[in-house]
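Colleague: In my numbering, the protein residues as written are 3 to 640. Cβ coordinates follow ideal geometry from the N, Cα and C atoms, glycine included.
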């Protein structure tokens, strides 16, 4: 393989004559091992972050990237964000062909400058500058430099040595400089000891990392991702300032107290609203009922609108403004709900969370801001109630996949504390299917279906979202998520229960054409109509990464087939039980007179499993797949 790759590079290099300039970064100079399995090679990736004052810093970046094939074309489109607090300047950009000859040099007129407002925000001051360096012939190399001047010191860019899959690194260099009294902090991931070089001169302390000759990584199925195995330098200031608000990030308490200073005085409500809240909770039977009434009151009165401007990205609107206008972002709506609860005599805590399906981890020994969302923590007599304040349809006390099962920073009057939000166990992540099927001699069927979704199952296929839409949208959801084909939908309904562990029940009548296949006198009846496993893990050799399951779950099916009296069983599949560290699968079939009863349950276990378990993982799902596809065979004796 190495010989073939070397031959390809030599062929690409050829014997063409170079221009008067010396060649820069010819492809032939790349070490052969870096080309293997790579779409991109970072010839040089250098970042230098200099803290000048408590409210001023500069970040200089110099990157040289060889694009090996069209799969990596996106790396040649360079876009950098800026705003009123970050001044951006592109200093140079070049493109070189495979021989290192210059094809392009940046002209100021080629720089694209446009708004970078996110889809969920009404107004932001974010903009983006960029340049498109893509070429039609591969391979080629791009080189560019830019500089960002910060009018604040709140964060330091983390350094991702291998920023993605199938990216090889020839040289990566990260430098951070700071005055001694503004000494930053670092957390090295997947690096090992002794990599950082520290020095001091002229009142500045300097930290320096160099990484060289790192092969491309190809991610393995069900691994946690590139960030779990690639080297990363996480960086954070200690003392900082943002638009005149000074803080200390060296402890979680310090960071929390900074947020408290931003929130101070913003919980004042009109007297009229305070009286409404007091009357609202006056006859509530419990503390939890009071919290729920206040939460529903907030949901009915507000809508989510994001406005991000400078310190407004951290400081909520005043509660009185939200009360008057009826809108706000996650900060404003959470602060408003907190203020309403305060009027009801119930304390609650503003909480930072990293929302989404793949949140960055929170390190208890490394205070920094990796958060992107705000929720509310409300202590209750026996437990804690968590409130998502930006979604006007989410059930009371439900966090789900968006903010559940992760570390958050709970901010109270004394500072901050890292706390874990609730995880949803097997019983709170369930899908249950019940189906009564009447089969005729032509293989057609009429069925009554009940599907029940509980806990995280409430979000299956974005069901929770579709429930807020039109009837036509809900029908679209059904067509996308019912595994039965060739059916006509009769009467149906969705029954939703918005509790802390929400649930939805779907009931319908179905007419199914050609459910069973007929060959001569034999009738083949598929048993699993609702939950056929379509997933077979890719077989790999010498697995390296652990296997991750994010959620525990149970899927349970009970299907009763009522058969024509003319059909007599020829083959009924035997019961199957598969047990693994990853979960348990059971399938059994029972014949009673003219009925066939099919039962299936798949229980999956959340967890992290060693790479040596991967062959067991593959076998487990292969076994499920083969069993799910089994059919019962009947003879028609008429």
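Taking DSSP as the reference, what is the three-state secondary structure of residue 613?
Modeller: Three-state result, residue 613: helix.
Colleague: So what does residue 37 bridge to, in DSSP terms?
Modeller: The partner list for residue 37 (beta bridge, DSSP) is empty, contrary to what the question assumes.
Colleague: Could you say if the region 550–567 and the region 433–444 meet the contact criterion of at least three C-beta pairs nearer than 8 Å?
Modeller: As far as the Cβ criterion goes, the region 550–567 touches the region 433–444, which means the pair count is three or higher.
Colleague: Would residue 641 and residue 529 qualify as a contact pair, given that the criterion is a beta-carbon distance under 8 Å?
Modeller: The requested residue 641 is not part of the displayed model; the chain covers only 3 to 640.
Colleague: Answer yes or no: do residue 97 and residue 137 have a C-beta to C-beta separation smaller than 8 Å?
Modeller: Taking 8 Å as the Cβ cut-off, residue 97 and residue 137 qualify as a contacting pair.
Colleague: At the level of alpha carbons, what is the spacing between residue 496 and residue 616?
Modeller: So the alpha carbons of these two residues sit roughly 39 Å apart.
Colleague: Can you check which of these residues, 216, 640, 308 and 99, is closest to residue 525 by C-alpha distance?
Modeller: Nearest C-alpha to residue 525: 640.
Colleague: Count the other CB atoms within 10 Å of the CB of residue 305; is the residue buried (16 or more) or exposed (fewer)?
Modeller: By the neighbour-count rule (16 or more Cβ atoms within 10 Å), residue 305 is not buried but exposed.
Colleague: At which residues does the beta strand (DSSP E) containing residue 248 begin and terminate?
Modeller: 247–250 is the span of the beta strand (DSSP E), which, as asked, contains residue 248.
Colleague: Is it buried or exposed for residue 503, if we count other Cβ within 10 angstroms and need 16 for buried?
Modeller: It counts as buried.
Colleague: Go ahead and pull the three-state DSSP assignment for residue 116.
Modeller: It is a strand residue.
Colleague: For residue 116, does the count of other Cβ atoms within 10 angstroms reach 16, so buried, or fall short, so exposed?
Modeller: The residue is exposed, with fewer than 16 neighbouring Cβ atoms inside 10 Å.
Colleague: Where does residue 236 land, buried or exposed, given buried means 16+ other C-beta within 10 angstroms?
Modeller: When all chains shown are included, residue 236 counts as buried.
Colleague: Using CA atoms only, rank isn't needed, just tell me which of 553, 573 and 52 is closest to residue 180.
Modeller: Of 553, 573 and 52, the residue nearest in Cα terms is 52.
Colleague: Relative to the C-alpha of residue 349, which residue among 339, 358, 355 and 357 is closest?
Modeller: Per the Cα distances, 339.
Colleague: Who are residue 593's beta bridge partners in DSSP?
Modeller: For residue 593, which the question treats as bridged, DSSP gives the partners 598.
Colleague: Find out if the Cβ-Cβ distance for the pair residue 85, residue 155 is shorter than 8 Å.
Modeller: No; because the gap between Cβ atoms is not below 8 Å, this pair is not in contact.
Colleague: With DSSP collapsed to three states, give me the class of residue 643.
Modeller: Past the boundaries of the shown model lies residue 643; the chain is included only from 3 to 640, so the question cannot be answered.
Colleague: Per the contact definition of three or more C-beta pairs closer than 8 Å, is the region 509–526 in contact with the region 459–479?
Modeller: The region 459–479 vs the region 509–526: no contact.
Colleague: In whole angstroms, what separates the C-alpha of residue 543 from that of residue 614?
Modeller: Approximately 10 Å, taken between the alpha carbons.
Colleague: Would you check if the region 162–174 and the region 132–150 touch, i.e. whether three or more CB-CB distances between them fall below 8 Å?
Modeller: Not touching, per the Cβ criterion.
Colleague: According to the Cβ coordinates, are residue 590 and residue 573 closer than 8 Å?
Modeller: No.
Colleague: Any chance the region 152–170 sits against the region 41–49, with 3 or more Cβ pairs inside 8 Å?
Modeller: Flag = yes, the region 152–170 and the region 41–49 touch.
Colleague: Enumerate in chain order the residues of its own chain whose CB-to-CB distance from residue 63 is below 6 Å, with the five nearest sequence positions on each side excluded.
Modeller: Cβ neighbours of residue 63 beyond the five flanking positions: 49 and 148.
Colleague: Let's see if you can read the secondary structure: which residues bound the beta strand (DSSP E) around residue 559?
Modeller: Start and end: 555–564.
Colleague: Would residue 440 pass as a contact of residue 428 if the rule is Cβ separation under 8 Å?
Modeller: It is not a contact, given that the beta carbons lie outside the stated cut-off.
Colleague: Would residue 404 and residue 357 qualify as a contact pair, given that the criterion is a beta-carbon distance under 8 Å?
Modeller: Cβ distance < 8 Å, so residue 404 and residue 357 count as in contact.
Colleague: For residue 626, count neighbouring Cβ atoms within 10 angstroms of its own Cβ and tell me buried if that reaches 16, exposed if not.
Modeller: It counts as buried.
Colleague: Nearest to residue 599 by CA position, among 608, 582, 571 and 618, is which residue?
Modeller: Closest by alpha carbon: 571.
Colleague: Does the region 25–42 come within contact of the region 224–234, defined as at least 3 CB pairs closer than 8 Å?
Modeller: No, the region 25–42 does not touch the region 224–234.
Colleague: Could you tell me which residues DSSP puts in a beta bridge with residue 491?
Modeller: DSSP output for residue 491 lists 512 as bridge partner(s).
Colleague: List the residues that DSSP assigns as beta-bridge partners of residue 50.
Modeller: In the DSSP output, where bridge partners are listed per residue, residue 50 has 62 and 177.
Colleague: Tell me the residue span of the alpha helix (DSSP H) that contains residue 321.
Modeller: It spans 321–327 - the alpha helix (DSSP H) in which residue 321 sits, taken as one unbroken run.
Colleague: So, at 7 Å on beta carbons, what are the nonlocal neighbours of residue 630 in its own chain, with the 5 sequence-adjacent residues on each side left out?
Modeller: Result list for residue 630: 530, 534 and 535, in chain order.
Colleague: Excluding sequence positions up to five away, which residues of its chain have a Cβ less than 8 Å from the Cβ of residue 547?
Modeller: Result list for residue 547: 221, 222, 225, 226, 230, 231 and 613, in chain order.
Colleague: Nearest-angstrom Cα distance between residue 326 and residue 336?
Modeller: Each residue's Cα considered, the two are about 15 Å apart.
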